[in-house]
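S.K.:
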Amino acid sequence: MTPPAFVRVLLAAAVAAVCCTVTVARADEVIRIALIDPFSGLMGSLGENELNSWKYIANLANTQHWAKGYTFEIVPFDNKLSPQQSLTALKSVQDQGIRFITQGDGSSVGMALEDAVGKYNERNPGKEIVYLNYAAVDPDMTNSKCSFWHFRLDANSDMKMEALTTYLAQRKDIHKVYLIDQDYSFGHQVSRAAKEYLARKRPDIQIVGDDFHALAKITDFSPYVARIKQSGADTVITGNWGSDLALLIKAAKDADLKADFYTYYAATTGVPTAMGAAGKDHVYYVGYWNPNNEKFVGADIVEGFQKQYHDDYYTIATYSGLKLLADGINRAHSSDPVKVAFAMEGAKIQSLNGEIGGGKDPEFEWRNRNASERSPDATTLVYRKVGQGRRQEDQV
Numbered sequence: 024m025t026p027p028a029f030v031r032v033l034l035a036a037a038v039a040a041v042c043c044t045v046t047v048a049r050a051d052e053v054i055r056i057a058l059i060d061p062f063s064g065l066m067g068s069l070g071e072n073e074l075n076s077w078k079y080i081a082n083l084a085n086t087q088h089w090a091k092g093y094t095f096e097i098v099p100f101d102n103k104l105s106p107q108q109s110l111t112a113l114k115s116v117q118d119q120g121i122r123f124i125t126q127g128d129g130s131s132v133g134m135a136l137e138d139a140v141g142k143y144n145e146r147n148p149g150k151e152i153v154y155l156n157y158a159a160v161d162p163d164m165t166n167s168k169c170s171f172w173h174f175r176l177d178a179n180s181d182m183k184m185e186a187l188t189t190y191l192a193q194r195k196d197i198h199k200v201y202l203i204d205q206d207y208s209f210g211h212q213v214s215r216a217a218k219e220y221l222a223r224k225r226p227d228i229q230i231v232g233d234d235f236h237a238l239a240k241i242t243d244f245s246p247y248v249a250r251i252k253q254s255g256a257d258t259v260i261t262g263n264w265g266s267d268l269a270l271l272i273k274a275a276k277d278a279d280l281k282a283d284f285y286t287y288y289a290a291t292t293g294v295p296t297a298m299g300a301a302g303k304d305h306v307y308y309v310g311y312w313n314p315n316n317e318k319f320v321g322a323d324i325v326e327g328f329q330k331q332y333h334d335d336y337y338t339i340a341t342y343s344g345l346k347l348l349a350d351g352i353n354r355a356h357s358s359d360p361v362k363v364a365f366a367m368e369g370a371k372i373q374s375l376n377g378e379i380g381g382g383k384d385p386e387f388e389w390r391n392r393n394a395s396e397r398s399p400d401a402t403t404l405v406y407r408k409v410g411q412g413r414r415q416e417d418q419v
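In the numbering used here, the protein residues as written are 24 to 419.
#1: If I follow the unbroken beta strand (DSSP E) through E73, where does it start and stop?
#2: Can you have a look at S262 and say buried or exposed, based on whether 16 or more other CB atoms are within 10 angstroms of its CB?
#3: Applying the criterion that 16 or more other CB atoms from any shown protein chain within 10 Å of the CB defines a buried residue, is V146 buried or exposed?
#4: Out of curiosity, what's the CA-to-CA distance linking F209 and D101?
#5: From K114 to Y154, what does the alpha carbon distance come to, in whole angstroms?
#6: With a cut-off of 8 Å on the beta carbons, I'd call L65 and W77 a contact; round off their distance for me.
#7: From G67 to H236, what distance separates their C-alpha atoms?
#8: Less than 6 Å between C-beta atoms, sequence neighbours within five positions excluded: which residues of the same chain meet that for R122?
#9: Are the CB atoms of T189 and Y157 nearer to each other than 8 Å?
#10: Under three-state DSSP, which class holds A289?
#11: Looking at G232: is its Cβ nearer than 8 Å to the Cβ of A216?
#12: In chain order, what residues of the same chain lie with their CB nearer than 7 Å to the CB of T242, ignoring the 5 residues before and after it?
#13: Determine the DSSP secondary structure at T338, reduced to helix, strand or coil.
#14: Using CA coordinates, which residue listed in R55, G92 and E73 is at the minimum distance from A355?
#15: Count the other CB atoms within 10 Å of the CB of P385; is the residue buried (16 or more) or exposed (fewer)?
#16: Which of the three DSSP states is assigned to F328 in this structure?
#17: From this set, I230, K330, T286 and E326, which residue's C-alpha is nearest H198's C-alpha?
#18: So, is L136 buried or exposed, given that buried needs 16 or more other C-beta atoms within 10 angstroms?
#19: What did DSSP end up calling G299 once you bin it into helix, strand or coil?
#20: Answer with buried or exposed for E396, where buried requires no fewer than 16 other C-beta atoms within 10 angstroms of its C-beta.
#21: On a CA-only basis, which of A139, A90 and W89 is nearest A112? Give me that one, please.
#22: Extract the residue ranges of the alpha helix (DSSP H) inside the region 189 to 258, only unbroken runs of 4 or more that lie entirely within it.
#23: Quick check: the Cα distance between G133 and P106, rounded to an integer number of angstroms?
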């Protein structure tokens, strides 16, 4: 039977209302994050790996709805490892209305960005920018140059050296140490901390060399390796990263240098390939996460990343950074950088290596405004060996 006319009208109105509801459903707001790092030159391959890591985790965050009502998009800016180019990129970020930036390669770049972001925010209320620092580890960035707008996602170089030298102090077979680092703020911090901490923990150890070289300029490290050999060092400590570490390790391998290398970044792009099987039991790194450690999670991310990009995922701070940002957005109920920054202060989140978080005590960096990566008990760093695969050597 045909419904009466007024019933047909009501049915049509109901259907229209349903259709209207579907049509106007709000799409997730896209939060753009500018990644300012090198994607060309000697450090280009490292930068590409980090860009892919940010993109991979952003896709994971979007798929799993970490930030309710929001999705993340990573926008790369090639700074060619130059502080000046980075400031030019930051101007483009400002012009495009991007309110969150991230960077990690080079503390000289990090310091320039930290200072510029602070000044820009002071002059431009309502357009503030938040800086997520995932790998620039000069301690001054969260001590003497501490900024409310800067959130550190990595343990600084002093923290790592504290753990590394605690381990080295237990090795009675170590007698002569050679230091080789990049000639900029971070490299000098590594050298300073190594000498200070070894003198405190093992005063009998001799520092037989303290070399610096230009950042991302050296293609042949054989002269440096020759000096290491001549010094009689049994141990090399280096903060080198990217091509500067891969080429140093390659030169040491080619020269059949028997000294052990203790590094911050031996697990990164190019280094495992450069050392090959020769690195087994000779190359180590200090870190706070490894998917092979049964206490940590993330093996699925490593496998998925390898399948998609045919490369290794090792920058855990990309995961921690987006977890922290999503948590701040959720608790602020807003994407406004000021509200999000306040929400991220003192936040505690679950990362791949357990709970991490920051605090509000400006005198103690580990609990600073910046969220520092931690081991599960929040006080230790884990030291691991790099060789054929990676495994935990000791925990300090």
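In this text, a Cβ means the ideal position worked out from N, Cα and C, and glycines have one as well.
Source: prediction; values computed, not measured.
M.R.: So, to answer that:
#1: Indexing the sequence shown from 1 puts residue 73 at position 50. Element bounds for E73: not the beta strand (DSSP E) but the alpha helix (DSSP H), G67 to Q87.
#2: Numbered from its first residue, the sequence shown carries residue 262 at position 239. A small fix is needed here, since residue 262 is Gly in this sequence, not Ser. Classification of G262: buried, given that the 10 Å Cβ count is 16 or more.
#3: Reading the sequence shown from its first residue, position 123 is the one you call residue 146. Per the sequence shown, residue 146 should be read as Arg rather than Val. Answer is exposed; the Cβ neighbour count stays below 16.
#4: Working through the sequence shown from its first residue, we reach residue 209 at position 186. Working through the sequence shown from its first residue, we reach residue 101 at position 78. One C-alpha to the other measures close to 21 Å.
#5: Numbered from its first residue, the sequence shown carries residue 114 at position 91. Numbered from its first residue, the sequence shown carries residue 154 at position 131. If I take the Cα positions, the gap works out to 14 Å.
#6: Position 42 of the sequence shown, counting from 1, holds the residue named residue 65. Position 54 of the sequence shown, counting from 1, holds the residue named residue 77. Incorrect: roughly 21 Å between the Cβ atoms, too far for contact.
#7: Taking the sequence shown and counting its residues from 1, the one referred to as residue 67 is at position 44. Taking the sequence shown and counting its residues from 1, the one referred to as residue 236 is at position 213. Computed Cα separation, rounded: 19 Å.
#8: Position 99 of the sequence shown, counted from the start, is the residue given in the question as residue 122. These residues qualify, in order along the chain: I152 and P360.
#9: For this step, residue 189 is matched to residue 166 along the sequence shown. For this step, residue 157 is matched to residue 134 along the sequence shown. Cβ distance not < 8 Å, so T189 and Y157 don't count as in contact.
#10: Here residue 289 refers to the residue found at position 266 of the sequence shown. If DSSP states are grouped into helix, strand and coil, A289 belongs with coil.
#11: Stepping through the sequence shown from its first residue, residue 232 is reached at position 209. Stepping through the sequence shown from its first residue, residue 216 is reached at position 193. Not a contact, by the Cβ cut-off of 8 Å.
#12: Here residue 242 corresponds to residue number 219 of the sequence shown, with the count starting at 1. Contacts found: L270.
#13: Taking the first residue of the sequence shown as position 1, residue 338 is located at position 315. Looking at T338 - three-state DSSP - the assignment turns out to be coil, as it is neither helix nor strand.
#14: Your numbering for residue 355 matches position 332 in the sequence shown. Nearest of R55, G92 and E73 to A355, Cα basis: G92.
#15: By 1-based counting over the sequence shown, the position of residue 385 is 362. In this predicted model, P385 has a pLDDT of only 39, less than 50, meaning its place in the structure is not dependable; the value taken from the coordinates is given anyway. With fewer than 16 Cβ atoms within 10 Å of its Cβ, P385 is classed as exposed.
#16: Here residue 328 is taken as the residue at index 305 of the sequence shown, counted from 1. Helix.
#17: The sequence position of residue 198 within the sequence shown is 175, counting from 1. If we check each option's Cα against that of H198, I230 comes out closest.
#18: Here residue 136 refers to the residue found at position 113 when the sequence shown is read from its first residue. Buried, because 16 or more other Cβ atoms sit within 10 Å of the Cβ of L136.
#19: Translated into the one-based positions of the sequence shown, residue 299 becomes position 276. The answer is helix: DSSP assigns G299 an H, G or I state.
#20: Working through the sequence shown from its first residue, we reach residue 396 at position 373. Note that E396 has pLDDT 34, beneath the 50 cutoff, so the model's placement of it is unreliable and no number is given.
#21: The residue given as residue 112 occupies position 89 in the sequence shown. Checked all of A139, A90 and W89; the closest Cα to A112 is A139.
#22: 208 to 224 and 245 to 254
#23: The sequence position of residue 133 within the sequence shown is 110, counting from 1. The sequence position of residue 106 within the sequence shown is 83, counting from 1. Near 8 Å, if we compare the C-alpha coordinates of P106 and G133.
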